[in-house]
Amino acid sequence: MAFTDLLDTLGGVGRFQLIYTALLLLPCSLLACHNFLQNFTAAVPPHHCQGPANHTAATTNDSGAWLRATIPLDQFGAPEPCRRFTEPQWALLSPNTSVHGAATEACKDGWVYDRSIFPSTIVMEWDLVCEARTLRDLAQSIYMAGVLLGAFVFGSLADRLGRKAPLVWSYLQLAVSGAAAAYFSSFGAYCALRFLMGMTFSGIILNSLSLVVEWMPTQSRTVAGVLLGFSFTLGQLILAGVAYLIRPWRWLQFAVSVPFLVFFLYSWWLPESSRWLLLHGKSQLAVRNLRKVAAMNGRKEEGERLTQEVVSSYIQNELTGVRASNSVLDLFRTPGIRKVTCCLMVIWFSNSMAYYGLSMDLQKFGFSVYLVQVLFGVVDIPAMLVATATMIYVGRRATVSSFLILAGLMVIANMFVPEDMQTLRTAQAALGKGCLASSFICMYLHAGELYPTEIRQIGMGFASVNARFGGLVAPLVTAVREFNAILPPVSFGATSLLAGLVVCFLAETRNRPLVETIAVMERR
226 MAFTDLLDTL GGVGRFQLIY TALLLLPCSL LACHNFLQNF TAAVPPHHCQ GPANHTAATT
286 NDSGAWLRAT IPLDQFGAPE PCRRFTEPQW ALLSPNTSVH GAATEACKDG WVYDRSIFPS
346 TIVMEWDLVC EARTLRDLAQ SIYMAGVLLG AFVFGSLADR LGRKAPLVWS YLQLAVSGAA
406 AAYFSSFGAY CALRFLMGMT FSGIILNSLS LVVEWMPTQS RTVAGVLLGF SFTLGQLILA
466 GVAYLIRPWR WLQFAVSVPF LVFFLYSWWL PESSRWLLLH GKSQLAVRNL RKVAAMNGRK
526 EEGERLTQEV VSSYIQNELT GVRASNSVLD LFRTPGIRKV TCCLMVIWFS NSMAYYGLSM
586 DLQKFGFSVY LVQVLFGVVD IPAMLVATAT MIYVGRRATV SSFLILAGLM VIANMFVPED
646 MQTLRTAQAA LGKGCLASSF ICMYLHAGEL YPTEIRQIGM GFASVNARFG GLVAPLVTAV
706 REFNAILPPV SFGATSLLAG LVVCFLAETR NRPLVETIAV MERR
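Per my numbering, residue 226 is the first one in the sequence shown, and the count goes up by one each step.
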């Protein structure tokens with residue numbers, strides 16, 4: 226008998242599973258807001274140099290004339306953002322007049338920003354433009370570094386302390402660090418707090434998925450995993466709406482952080498995974514939780530009949546193979562687990578690099594950043610509906626492989642679309658992003674099913690570490706387009722295609738019960 230048979234006895238997918246899943250997925254929606262928040266808080270508005278401090282516009286009442294006389298134009302006829310004339314060139318105010326060889330200098334007196342769309346961003350507040358523009362990307366890289374460390378730390382803690390404790394702490398850490406980031410006026414403090422926020426991303430997403438999957442019967446795990454993807458999609462749409470209504474970056478940062486204090490408060494009442502409790506010798510608490518589940522699902526009598534011996538019998542065969550302690554080395558010690566780990570390293574790195582390469586810096590598409598954010602969120606809905614159907618009726622392996630290969634082809638095909646066809650380029654990028662988002666969430670579910678319970682969080686955490694490496698590399702690859710415009714799309718497309726092929730080496734887990742120990746995994 227498997228543990229999932231016990232869950233079926235206690236009502237299968239009942240009221241408890243529905244409420245439990247909703248309470249875990251709601252924070253994941255707002256977590257998506259934090260993941261893409263810098264598209265708005267770090268938006269770069271049109272800007273140009275402040276005029277020389279020793280000159281005034283008193284000689285003319287036309288601010289446009291003053292701008293033409295003090296700021297040179299770039300190749301597209303827009304004000305040069307990083308240079309100004311050392312002296313006003315009044316000759317430029319005459320029709321059909323140009324000035325050649327006029328001396329220019331850097332923006333010594335600051336910048337003037339267009340505040341019509343964004344009243345304030347971190348770029349405006351700390352002048353992260355021109356020579357300092359790399360600091361904007363640094364803030365995002367520091368956030369991803371936090372996600373990277375969090376995947377390792379919270380993945381290891383979850384297998385040692387349980388899924389609930391790291392999740393509760395992550396809610397509190399995100400609420401405090403997110404609200405504090407809206408308060409401090411130092412860029413260094415902002416980056417440090419972004420690092421702490423990034424750590425919680427892994428703590429929340431990994432433990433939420435594990436708790437949902439471990440409380441679900443086998444037949445319902447697919448839907449539960451895909452619901453996590455839909456919660457992320459909902460979060461992107463929420464972000465677009467909230468960012469549109471709350472334009473100042475500090476208030477926006479505060480608005481998406483405070484709700485996690487509410488999540489922290491109610492998370493204390495969420496029960497720990499009974500699978501984990503049984504595997505770590507806490508059968509009395511596991512029985513207590515299972516009786517509560519039975520009562521909520523209308524199976525109180527079945528719950529009252531549960532004893533520690535009865536519950537342990539459902540998992541007794543697996544308990545004999547549990548190690549006293551586990552480490553990352555267990556991911557490479559045996560051939561079956563080693564094969565899974567190596568494949569997931571490639572898949573998660575490639576998927577993440579391509580995903581973040583397409584999803585960040587929405588201003589590059591030339592449309593309203595709010596509209597593009599909505600488009601990139603909406604496109605996930607049909608993609609995930611298709612993914613749900615294929616995972617249920619075809620399998621995990623074929624679904625993930627197909628979406629990754631399709632995304633790679635979309636990215637590479639976009640290279641051949643002319644630059645002036647921005648609508649088509651944006652549409653193809655959105656479709657590619659939808660495929661990558663679907664494959665990403667499918668891999669969360671597939672990886673959780675591939676690893677046995679005793680090292681599931683260590684394995685998921687390690688796989689997520691590789692995904693965060695991909696997220697760190699993505700901005701660096703994107704920056705190369707200033708020297709070679711072809712390299713970024715080729716890199717993103719090729720890695721997606723590679724990942725799609727590597728998926729074929731993984732086992733199919735559709736409709737199979739979760740494995741509890743490494744020994745059982747190797748026998749399978």
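Quick reminder that beta carbons are idealized off the backbone N, C-alpha and C, glycines included.
Since the structure is predicted, the reported quantities are computational estimates derived from the model, not experimental observations.
Below 6 Å, is the gap between the Cβ of residue i and the nearest heavy atom of the ligand ADP?
i      : result
Thr624 : Judged by which ligands are present, the structure shown has none, so any question about the ligand ADP falls away.
Using a 10 Å radius around the Cβ and a threshold of 16 neighbouring Cβ atoms, would you call residue i buried or exposed?
i      : result
Gln242 : buried
Ala283 : Below a pLDDT of 50, predicted positions are generally treated as unreliable, and Ala283, at 44, falls in that range; no measurement from the model is reported.
Ser435 : buried
Cys660 : buried
Ser626 : buried
Lys658 : buried
Pro677 : buried
Glu497 : buried
Ala655 : buried
Ile743 : buried
Tyr491 : exposed
Ile680 : buried
Glu356 : exposed
Arg735 : buried
Asp384 : buried
Enumerate in chain order the residues of its own chain whose CB-to-CB distance from residue i is below 6 Å, with the five nearest sequence positions on each side excluded.
i      : result
Met570 : Asn691
Pro450 : One point to set straight first is that residue 450 is Gly, not Pro, in the sequence displayed. Cβ neighbours of Gly450 beyond the five flanking positions: Leu670.
Glu733 : Gly620, Arg622
Ser427 : Val372, Gly375, Ala376, Phe379, Ser689
Glu747 : Thr559, Gly561
Leu486 : Ala400
Val740 : Pro677, Met746
Met640 : Pro714
Arg749 : none
Val565 : Leu675
Bridge partners of residue i, per DSSP?
i      : result
Val337 : His273
Leu298 : Pro304
Arg309 : Glu330
Tell me the residue span of the beta strand (DSSP E) that contains residue i.
i      : result
Thr329 : 329-331
Got a sec, what are the start and stop residues for the alpha helix (DSSP H) residue i sits in?
i      : result
Tyr581 : 560-584
Leu726 : 712-727
Cys667 : 647-675
Glu439 : 412-439
Arg621 : 621-638
His259 : 240-260
Val604 : No alpha helix (DSSP H) holds Val604; DSSP gives it neither H nor E.
Tyr491 : 484-492
Pro738 : That residue, Pro738, is in no alpha helix (DSSP H); it is neither H nor E in DSSP.
Gly684 : 681-704
Phe377 : 359-386
Ala511 : 508-521
Ile347 : 347-351
Arg500 : 499-504
Phe409 : No alpha helix (DSSP H) holds Phe409; DSSP gives it neither H nor E.
Asn264 : 263-266
Arg749 : Counting along the chain, Arg749 falls outside any alpha helix (DSSP H), and DSSP gives it neither H nor E.
Phe479 : 474-480
Report back the beta-carbon spacing between residue i and residue j to the nearest angstrom; my notes put them in contact at under 8 Å.
i      : j      : result
Val636 : Ala579 : 7 Å
Ser664 : Ala632 : 7 Å
Ile347 : Thr266 : 6 Å
Val728 : Ile617 : Wrong, their Cβ atoms sit about 18 Å apart, outside the cutoff.
Phe717 : Cys568 : Contact doesn't hold; Cβ gap of about 20 Å is too wide.
Val555 : Ile471 : It is worth fixing the name first, because residue 555 is Asp in this sequence and not Val. Contact doesn't hold; Cβ gap of about 46 Å is too wide.
Tyr415 : Ala364 : 7 Å
Return the chain-ordered list of same chain residues with a C-beta closer than 7 Å to the C-beta of residue i, the five sequence neighbours on each side being excluded.
i      : result
Phe377 : Gly686, Val690
Pro189 : Residue 189 is absent from the structure shown; the chain starts at 226 and stops at 749.
Phe483 : First, the amino acid is wrong: residue 483 is Val here, not Phe. Same-chain partners within the cutoff: Ala400, Ala404.
Ala511 : Ser499, Leu502, Leu503, Val536
Phe489 : Val393, Tyr396, Leu397, Ala400
Ala724 : Val571, Ile572, Ser575, Asn576, Leu629
Please return the same chain residues whose Cβ sits closer than 8 Å to the Cβ of residue i, not counting the five positions on each side in sequence.
i      : result
Cys253 : Ile429, Ile430, Ser433, Leu453, Ser456, Phe457, Gly460
Arg706 : Leu712, Pro713
Leu697 : Ser366, Met369, Ala370, Leu373
Phe592 : Gln647, Thr651
Thr613 : Thr447, Val448, Val451
Arg563 : Leu556, Phe557
Pro391 : Phe379, Leu382, Ala383, Gly428, Asn432
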